[in-house]
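Residue numbers (the numbering used here), protein chains in the order written: chain D, 1 to 501; chain B, 502 to 1002; chain W, 1003 to 1503; chain V, 1504 to 2004. Backbone N, C-alpha and C fix where the C-beta goes; we use that ideal spot for every residue, glycine too. All remarks here apply to the structure that follows.
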């Protein structure tokens, strides 16, 4: 990586990064810190220019003050952190304009041209649209017509939400495609940048032992579980408009599932990997009501922890699900008959995200009598804990040492923090993603056909929930979620693995 | 186990254990301590009698004094250890006689009859023949004709060596079979009682994930490695008569291999397991000189550590191998084409015994370019460390956390001491084996057809080495052994795994 | 084979064959013709002696006349058939005695000694006990005590029935073992000598393509079907004492199943093959009433074809099943969850015996919509027709040639008569089996532990049927048997394959 | 199919088919007969118009006379063939124009408009460009600018050659794409329309038994063999410009290989199938000189059959290969290490095209001693004979019926002509392909990325052969081709299967 960094340093082209919506929370908390971290680690080209673009009036100095507050030198004893931060801030500028004005963008383009001209004859530009989705199109038009580079490439980063359903998503995609090519658009799903999600392809395709097991003959079911231990807490306004399915499941969890289940790609090229992700999404059946459980959190038993409806920013009587569990089915040769269970919820007992691959029972099990009655609890399981406390372990049956023959289920495991140290885990998803945009690596970004395939799976369900005014099952704040989720698992003869540890 | 112990306690039959050769080292260091440990833990029936039988004259008290020295109460704060030891010693008697005299055994039988008559109408007897192999037959005849129980079963324990080759082993077996049934004979291979060897069947047959991988399509080679970090050190007399192949390989390592590679048995019954072990041994080809490397240790470079020939108890000019490496081949549908490498040696760098199952390269490896040039070092490997510090781990390729895509080989692992605590590991092999004899479980004992099949594999090689007066390759005391072992591995396109850690 | 024959010819030992029960039907129709055929084809040693032993008084000439009637020179234009038959008959003698008299056997032994002494110093003897089972033991004692060869081996052939259940079978085995060794006993199951049954091991183990498919992941169920198109027709006396389960299923069909499902043996040695057959039988669960359908034929609709009870030799009101269908389960790693269906019946529509291996549905079937609603009818199937008209075919889905995409199920097939000619099929089971006895090849004979394992599967069912006086379902003579058999198949989600062709 | 035909009949749109190059041989011999056959069988819509377009002056009647000569009523007793032919010819028109003149196409477009206006308000048009490749672009421009339908779709059929190498093929594709969309272009490879090639996907994906075997663990090599028993025979002018590799291998045989080896598609949709074909082509490595053998036929031994250079239309001293054999390698998880051998040649012993899938040896082969020394000849093989005399068979080892155990290799087979009758095989490739164009089914047509991937594999080799002026190995007319092909197979440890039958 150090080597790459030096390499990019030698490059003769300059890079400009424009953060559109520079005064927003995301920009301050995530984007600028990530940019600085990349700069600090040497991933930036020798010359670069950063622009904050927002509606507020501000001069460069005010802007630098603003962002410098979040630019922590993460590693306490980071060498030369101060001087590097100064240099970085020197290259930061601010531009005030209207997001829906091509004129503003043209003006910004002129400023960029001027800056870049001093640095190199070739200039590449990244536009990070940290703005609400309803102005994506305007911004894209602005970039395309007024501010794209004339001497290098221009790339545009957008973040979810990408529509509310198939129709609105397609509309947005089409609008973007009118002014940008697919090549230029980087749709972020920051879950793809999580260490253990990124590791999934390495795990599956660089190790011999998984491929022979990775199919319906050996895997009984797969679970993807996401839970937060806090509710909306006064910030339910945005959330209520989307709900947990659109917020977490249709994008993050489904992406994880796609990578976990896709066929081996021709190569590690982003297009080959995304081809396979699209394929596996297209092999799934749209989710039905039968395969869905929705929930909403209520006060806890003590009455101290609030219900979702207690959140003032949430509309009275909202039916918005804060919890959902669904079963998905992949109708191909590898996965036919294997249920894929996903659940996601807010205000639950724990904060965690994990993947659980549960293997089948041993056929003709010689040890059946020694394994007791809970046969569920004795199948092999591969668990990948995405967060917090990244880890991976394989549950195995083992003889308990000592006289006699007693068997229990133990773990072969790998704790990331123990193995690799805290340090290594500190590179955030945003750093990784912005670096990928700089390097043109689209592996972790969502292609429009992927996005479309993902919406196709959830849209009928989402429409049906809306039309039917489906009542969510209430569950107490801090609990394990609605009981219904267990019945859904039970329908497929399995148990949620997170409840067994 | 506690439950079982109580159960046996209620049993109406009494048990007598006769240690023939009671004054020997093994008896003092291993057998009596194991008997006491079993008693202490409650595995003995309510009534029992122990007899030491040897040529020396001694009375019961002298004998009790002698053995009490090695009866440590292993667990420091063991409850009631003192009182229990007293009770135990009370039940110990001594009998002085000639091993080759039926009359002696008849007399002993009479004493036993008398003791047992006071305790129960049914008496079972175990005879532990802790004597040199040349008097096995005499003792067996003695037991059979003079001392076997008239009211219960009589079982006889023997320990290696069981002959020097096919012919002498068959002769011994035939002689034993003339006075005892196969059912009565318990041939100990204490390696089978090692925790991680005993666990092999559990691992393979109670976990789904191994069986699909456990074959020639996925396993590239298997290694069974035994090394000691000390030489004969003045006790080479016995050893020189056998050599490392007969001492370690033909029995201990081959037994481990048989369990690792056998087909699934019909059930966990000892006979079913031993049927499968015989089958896999019969599917192997006798070892050839081409597939063998032998070595003998010389002084180390400093000259401080002695050579094998420096041992005064070793005949001058002895060609006896203190190291051997061989390749075995199993000609069946599961293993055809997979080399099985074994090596065993004295006076090496480390003391350890381990099993290494090396998996194949990933076909069409997507990550080849990222894995560097040492492709050997990046295949998956299952390592089972039998001793010391029992552990099991699976080597996997993993993305190194952080920016960029760097892959290294990490471990999913299970350390027994960490997982189960020191305590659990303390039950010795002898305890386990004697308990099995008490319970009639023959799983860990060698059946005569197994023994015969094992000798058939090694006898041509052993004869050839003798006839050819094959010169061992010299290696320094404390080294990794002869270089030749690497060339043997290389012939099969693999590397010894222990050299890579 | 021709070579072998010459080889045996050179052998210096002579062979004597004694057919005990020489005046019976089986002897006349099968045994003597088979002996002559083997002689004619050159499989006999240069010198040999044949003795018929029965109670009737007869001299050698009368005996020769009797058997010569069935010694057809099978091949019309057989060269030298006449002269060879004369030579053969010359070597045939008759001995009249009592089966339960050791004295008779001793006398016969003396005659044999005399005959053989003129021919060679080494004489081997085969005793074919073509007598009712209640005198097996007497004859075996006779052979053992009075007539076994003093200069070579003595072998004894017996034919079913071998008892009526576990207990009676063990009793018989024990009695035989008291006077003969396992090595000397050849228990015939002539089904094992059928060409396509004998071919099963070749098919499975010399072709790569079967082993990967031969397991629970790919095989949905296996059917073994036996049907006769005639009833007892006045010979029901013997049959009624046994019933179809004992007569056909517990021996012939179960033997076929064992060979079809056993694990690969270590080698083709008879003991290795029989070891595996025993193993697979031991892995089966005893058959339950739930998994059983029994039937008895009644008059057909026209009233012309008789019911079983119309047979005068059948006891009034007999509940003896003339039809049975059962489901078996093999509880091992290969077959767990696969139902094995067997059915056997008399007075059915057709005469045939076949094996049908039905494969699973294609997972994620791309062609589902094109395959119509009868998904049962479109799975792959391997059919082996044992009799009549030996054949083997594999049912495949194929595109119907022409425009459009229409799929039907066609066959890849092999008709033995077309491929190999009528001639090659003419060697009868008895020839093959007697030749095997001569050559000491026990592959096609039932070992006592096999026999015992087979009875263990059926004995509880048979006892239960007896005790419960279970009523068989009536089915018309000439029909497809009781409807109940379909419900049994349906319980396992499959269909009988023979009804679909 | 009948049903589909009626369906199309009901459709309200009319169809026009323009054969550009109507006076050429292909048009007369293949295209018009195929059009008539489709009409006769009811696959045309109720109304349709056919136009011949060529440079020659001709009126409609002359044109109808010309084509009617080849419109045989294929089925002798075809009902109503005469009247139907009259109706068909009535709908045929002729248009004389210049292929490179947009004006000509505009004029034709106007005529079509007029004709169609009388028939329906919606008109779809197919343009069959039966012209040399150097005017493909002109014609496409003509169609696009002057003659495409304003009320329905317009589709354009082109036939090989599609360039001579990657560069020229890309140029052609780019030119076509400037005036047509990928959707409108139908690149014919008539090999894809062969019955047994079309059946490959059915075979692989509607039968359970192939998928488990269809990989490197079980398949040793695959051969695709094409041979003609005649030379260029005075028509070598066109051929010499391309050679056998471009003429047969890079398109027909490689297409067959792609279908045989691709991964299962998401669905049977043309795009999904073509996605998989592209993937497998991209997983292959470009062919090297080491993996290539080229040949050219010389006079036969009698001197009666001419050499390639004897053909007057062939340039003196031409090095053009009339035979080639190559080895291909697919670097993915399924096929890594399996050689794919292709050979194609003119003037060989036989005329045939076949696919041979050779399976591996049986591991730990129990029957090795019985199978003799030619182990190559005893592996299983799936043979698919594409032409002539379509058939499919599976080679198996089987016990030869009779006494003793002799094994030979027999066949499970399916002869199409026997099974389905001659009739069913009569639908020609052109009928099938034109029908697919009418129905918009692109499954059997080559997409531009496929074409490009195919050229990428062969272009380096083709360039190298040209630059090196590589000498072909001479082989006699009517022989089995150059010996070198055997050495190529031998390099991979296999044998050509066609030489063994």
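Name the chain D residues whose beta carbon is nearer than 7 Å to that of residue i?
i                       : result
residue 1975 of chain V : In chain order: nothing, as chain D lies at least about 34 Å away.
residue 861 of chain B  : 208
Which first and last residues belong to the alpha helix (DSSP H) in which residue i is found?
i                       : result
residue 1170 of chain W : 1168 to 1181
residue 844 of chain B  : From DSSP, residue 844 of chain B is part of no alpha helix (DSSP H) but of the beta strand (DSSP E) over 840 to 846.
residue 1197 of chain W : 1197 to 1208
Given that residue i touches chain V, what residues does it touch there, using C-beta distances under 7 Å?
i                       : result
residue 1200 of chain W : 1902
Cβ of residue i within 9 Å of Cβ of residue j?
i                       : j                       : result
residue 1882 of chain V : residue 1848 of chain V : no
residue 1573 of chain V : residue 1535 of chain V : yes
residue 1188 of chain W : residue 1435 of chain W : yes
residue 1980 of chain V : residue 1802 of chain V : yes
Under the DSSP definition of a beta bridge, which residues are partnered with residue i?
i                       : result
residue 413 of chain D  : D/393, B/914
residue 1292 of chain W : Answer is none; residue 1292 of chain W lacks a bridge partner.
residue 799 of chain B  : B/977
residue 1286 of chain W : W/1332
residue 909 of chain B  : B/899
Closer than 7 Å by beta-carbon distance: list the chain B residues that pair up with residue i, in chain order.
i                       : result
residue 1719 of chain V : 864
So with CB distances below 9 Å, who are the chain D contacts of residue i?
i                       : result
residue 1786 of chain V : 266, 267
Between which two residues does the beta strand (DSSP E) carrying residue i extend?
i                      : result
residue 354 of chain D : 352 to 359
residue 639 of chain B : From DSSP, residue 639 of chain B is part of no beta strand (DSSP E) but of the alpha helix (DSSP H) over 637 to 643.
Could you name the residues of chain W that residue i contacts, counting a contact when the two beta carbons are closer than 9 Å?
i                       : result
residue 1558 of chain V : Going along chain W, no residue has its Cβ under 9 Å from residue 1558 of chain V, so there is no contact; the nearest lies around 33 Å.
Should residue i be listed as close to the ligand PLP, given that the test is whether its C-beta is under 8 Å from any heavy atom?
i                       : result
residue 1330 of chain W : Only the bare structure without any ligand can be found here, which leaves the ligand PLP out of the picture.
Give the interface partners of residue i over in chain W, defined as CB-CB distance under 8 Å, in chain order.
i                      : result
residue 871 of chain B : Residues of chain W passing the Cβ test: none, with the nearest at roughly 32 Å.
Counting only Cβ pairs nearer than 8 Å, list the residues of chain D close to residue i.
i                       : result
residue 1714 of chain V : 333
Quiz item: In chain order, what residues of the stretch 1329 to 1349 of chain W put their CB closer than 8 Å to some CB of chain B?
Solution: 1334, 1335
Exercise. Would you list, in chain order, the members of the stretch 1644 to 1678 of chain V that have their beta-carbon closer than 9 Å to a beta-carbon of chain D?
Key: Per Cβ criterion, the list is empty.
Quiz prompt | Residues, ordered as in the chain, of the stretch 1761 to 1776 of chain V that lie near chain D by beta-carbon distance below 7 Å | solution = 1766, 1767, 1769
Quiz prompt | chain D contacts from the stretch 1943 to 1958 of chain V (Cβ-Cβ distance under 9 Å) | solution = Using a CB distance below 9 Å, no part of the stretch 1943 to 1958 of chain V faces chain D.
Quiz item: Along the stretch 1731 to 1751 of chain V, what residues have a CB closer than 7 Å to any CB found in chain W?
Solution: Listed in sequence order: no entries.
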